[in-house]
Structures are given as structure tokens and as C-alpha cells.
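Numbering (my numbering), first residue to last: 1 to 507.
For reference, the structure is listed below as C-alpha cells.
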């Protein structure tokens, strides 16, 4: 007969579903392969590391396809099969597609950026850091316990600090990395404090068990539990760049290499929001009366400050185009917060969360496309001012039309139908949850955003100042622009492809 100690040890043995964990695992393996290969590959062949990274991200994304046949869970407690550390459900797969697809497009932009840098950026380290961050970001939406959630969050964030400041000797890049680092470390410290309080009151880190036990906390520990919930929310608010925790965004986007700014605007945001969704809706549904009003207020504040910040950008200021995209991303974060807040006020929380997922997919495609065109313009106009886009239609008609399409999608105007449908979906989530005041605030902000998006769009078709200089578009940059444009056009023609993900499978 086995001893009690052996029986207890056996109960802790967890099975591993290798197919379920394949997408983030492959990204991590390719990251290590690139790092080792960098030691042996001569400088003239360093670009091969970039194409290896692009191939690795493409295969990681493709590995999501075999998982579409149903939900999979692994690293589960044998005594409680519902308590798992990793779950590949619809929500997980959609966010992993967004993360790995976004990282793939950022990698295509990076191939050109590294070539233009002519050796001033360390290629091996760059690709290792990008792949490592992508692996952590892909792990996060599948995390179903607080420990894995924090580890995934830091694996996604720590390499990003280095990527922002990877341009040696560039003061602007170093300052951006420092701001990003300090804000993110603060967020992590606050989150860990909150999570430790939650663990102290519930005795578990698994989200499903936390959701059940935190409802029955001893009265003496009730204040500790509430404090833990609030601190955890504050930590994730930092990660999502919600106001007032957004101060690092504009300078970080300007100081980082443009492909990394694009990566942070989409993948970084997806990481923060998926973590916030898992903590609130899955782990702390009984505290909806705490996080619901808090997120609603954050949503209103974030979208307003973000759009007003974008509106105030001066067209002639250096890096004004990148700054406008940075402030715009803060405003878009406000829209993404609306359905999460609405989930606290409705019986159909799954549909509300699905609205955030649908909006995130639209935003990822068109925002990456806008950054791709910005990277193209930045090759000949290093200051990347809004005035540099004047007459782009004369110099490069296809890029101008594509950027105009992306901006109209972000504004929610035809022919950017997917942007309109995504905004209507978020708006209806607020109305269905009886958050009429938040819907009104959102409507006002959409009008504010129309002004600066249309102002930029009009610049593209104005007569250029001086003789227009045409320039060749590198193949990787062309591929990124074509992929994002094709995705935006397909989704505008068939928005139901995105809206079907309102059934997330989280519940």
C-alpha cells in the first residue's frame, strides 16, 4: 500500500497536453534557437535570423488551427479537474491569434527597420527579445491561475523594456525605456501585493477556486480581500495604459523603434486587457460591485484624455504622427474597457466580454496597418511629422489609400465598416448594461476622434509642397501593409467573422 505522502504526491502530478501549449512553446523555442544561432552566424548573414523569427511566428500562429476542435485544459489538479493552470478555449485562441499575428506583422516591419539601421541595432538580441515577449503574451490569455498570469505578464513585459531602449546611445530611446520600466515595475508590484492579499484570504491561486472561495471569506478578512481586489485592478490598469496610468505611452512610442511601438500598441494592449478580463470576470465575479464602477469611470476618463491628447497634436511637431497614434491608442483603450465594465452590470457577461474581443481584433488589424504606413513614411522623413504625409497620394497612391482606409476604420466611418460595427457593438454593450451615461461619453469621444482622423486623412490628398519624391517600398513592408489592408477589407465586407467571437467560451 502506498503511504499518505505518496498518495499526496501523486495527486499533484499534472498531465501535459503538448498540442494545447504548442503555440507559445514554439515561439519560446525559436527565441532560444535565434539567440544561440546569433553566436555562430557571421554579420553578413544576420538577416537570416529575422526570417527565421518570422517563420517561427508564422508556424506558431498556424498551430492554433488544430486547437479549434474544442476546449483543452492542461496542468490541472488531479483532485479537482476544473482547477487548471492552462486552458485553450475560444477566448484564449482568439487572443493568441491576435498576439502572434500582431507579433508576426511587427516582425515583418522589423526586418526592414533593422536593414535600414545598418548594424546600429543588435539583430540577435532584438529577435530573441521580440520572440520571448510574444511567447509570454501568447501564454497569458491561457493562464487560469494567478501565478501563471503574473509570470506570463512579466515574460511579455520584461523583454519589451529592452526592445524600447535597444538603440544604444540614443537618449530619447533610453528615456522612453526608463519611463516604461518604472511604470511597469510599479504596476507589477501593486498587482503582486493585491494577489498576495487574495491568496491570503482564499488559500488558492486558481481563478475558478478564487471565484468560489472569495464569496465566503471570514468577516475578519473581508477588508483584506477587498484591498486585494482593488490593488490587483490598479496593477492591471497600468498595463492597459488606462488614465491616469497612461503617462508613459507617448514618450515610449516615440523613443522605441517604430515596429516596437506598433507591437506595444496592439500586443501590449491585448496582454493587459486579457489579464484584466480573466482577473475580474473569471476570478472575481462576486466583486462586480467593486470593479464594475471603477472600470466604467476609468473607461470614460481614458477615452476622453486619449482623444483630447490626440486632438492637441501639432502637425509640424517632430514625431507628431507617432504621438497622435499613441494618444489615439489611449483613447481606443477607453473603448475596450467599456464592455468589461458592462460585464459587471449584465447577466450576459460573456456577450459583453466578446464585444471587447471583437473590438480588439478590429483595432489590431487597422492600427498595425497604420503603423506600417508610418514606418514607410519614416524611411524618408525621420521626424515623422503629420505634415510629412501631405501629398502622400501623389508620391505613393496605394499607401495613401490604404492609410486613409485604416484611419476611417479607426474613426468608424465607411468604407471602414468593421470599425463602425465594432464601435456599435461596444456601444450596445454599454446600453444593454444600463450604462447610458457611459454610452453618451463614448458617443462624444467618437465625434472628437472624427476630427483628427479626418484631418490626417485630408492631408494625404492635398497638393504636396515641392517636387514629390517617390521611393521604393521594401518587400517585408509591402507584405505587412498588404496583409493588414486585406484583413481590414475582408472584415469590412464580412464583419460577422469578428462579431461571431462574442461567444468567448469563458463561462
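Built from N, CA and C at the ideal position, the CB exists for glycine as well.
None of the values given here were measured: they were computed from a predicted structure.
Kindly indicate which residue of the options has the alpha-carbon position closest to the one of residue i.
i	options	result
residue 498	117, 359, 480 and 464	359
residue 477	147, 28, 113 and 158	113
residue 448	64, 311 and 35	311
residue 295	85, 435 and 220	435
residue 415	63, 244, 490 and 341	490
residue 270	234, 407, 307 and 99	99
residue 261	105, 128, 148 and 200	105
residue 144	386, 326 and 278	278
residue 166	206, 457 and 255	255
residue 464	224, 273, 400 and 157	400
residue 191	454, 387, 302 and 231	231
residue 276	249, 338 and 250	338
residue 508	102, 121 and 84	No statement about residue 508 is possible, as the shown extent of the chain runs from 1 to 507 and does not include it.
residue 473	171, 67, 76 and 397	397
residue 148	179, 157, 267 and 85	85
residue 58	68, 34 and 108	108
residue 480	377, 494 and 369	369
Which of the three DSSP states, helix, strand or coil, is assigned to residue i?
i	result
residue 434	coil
residue 40	coil
residue 461	coil
residue 32	helix
residue 346	coil
residue 20	coil
residue 472	coil
residue 64	coil
residue 381	coil
residue 319	coil
residue 331	helix
residue 166	coil
residue 419	helix
residue 495	coil
residue 45	helix
residue 120	coil
residue 285	helix
residue 217	coil
residue 339	helix
residue 159	helix
residue 96	helix
residue 50	helix
residue 455	helix
Which two residues bound the contiguous beta strand (DSSP E) that contains residue i?
i	result
residue 81	80 to 88
Residue i lies in the alpha helix (DSSP H); which residues open and close that run?
i	result
residue 273	269 to 277
residue 74	That residue, residue 74, is in no alpha helix (DSSP H); its beta strand (DSSP E) goes 72 to 77.
residue 356	349 to 378
residue 234	222 to 239
residue 245	Element bounds for residue 245: n/a, residue is neither H nor E.
residue 302	288 to 311
residue 395	392 to 395
residue 263	258 to 263
residue 135	123 to 139
Kindly identify the DSSP beta-bridge partner or partners of residue i.
i	result
residue 145	206
Measuring only from the beta carbon, is residue i closer than 8 Å to any heavy atom that is part of the ligand SAM?
i	result
residue 354	With respect to small molecules bound, the structure shown includes none, and the ligand SAM cannot be examined in it.
Check whether the Cβ of residue i lies closer than 9 Å to any Cβ atom in chain B.
i	result
residue 116	In the structure shown, chain B cannot be found, because there is only a single protein chain.
Checklist entry - Touch check for the region 214 to 228 and the region 238 to 255: three-plus C-beta pairs under 8 Å? => result Taking a cut-off of 8 Å on C-beta distances, the region 214 to 228 does not touch the region 238 to 255, as fewer than three cross pairs fall below it.
Item to check | Inter-stretch contact (C-beta, 8 Å, three-pair minimum) for the region 417 to 431 and the region 382 to 396 | outcome: Taking 8 Å as the limit for Cβ pairs, the verdict is that the region 382 to 396 does not touch the region 417 to 431.
Checklist entry - If you pair each beta-carbon of the region 153 to 166 with each one of the region 83 to 90, do three or more pairs fall below 8 Å? => result Segments in contact, no.
Next on the checklist: Would the region 128 to 143 count as touching the region 22 to 32 if we require 3 or more Cβ pairs under 8 Å?
Outcome noted: Under the three-pair Cβ rule at 8 Å, the region 128 to 143 counts as touching the region 22 to 32.
Checklist entry - Is there contact here, the region 402 to 420 with the region 454 to 461, by at least three beta-carbon pairs under 8 Å? => result Output reads yes: the region 454 to 461 touches the region 402 to 420.
Checklist entry - Are the region 33 to 52 and the region 123 to 132 touching by the rule of at least three beta carbon pairs closer than 8 Å? => result Result yes; three or more Cβ-Cβ pairs closer than 8 Å.
Checklist entry - Would the region 292 to 309 and the region 326 to 345 be scored as touching if the rule is three or more Cβ pairs under 8 Å? => result In short, these stretches touch, since the Cβ pair count reaches three.
Next on the checklist: Pairs of beta-carbons, one from the region 179 to 197 and one from the region 281 to 290, closer than 8 Å: are there three or more?
Outcome noted: At 8 Å Cβ cutoff, the stretches do not touch.
Next on the checklist: When you compare the region 218 to 229 with the region 284 to 294, are there three or more beta-carbon pairs, one atom per stretch, that lie closer than 8 Å?
Outcome noted: Yes, the region 218 to 229 is in contact with the region 284 to 294.
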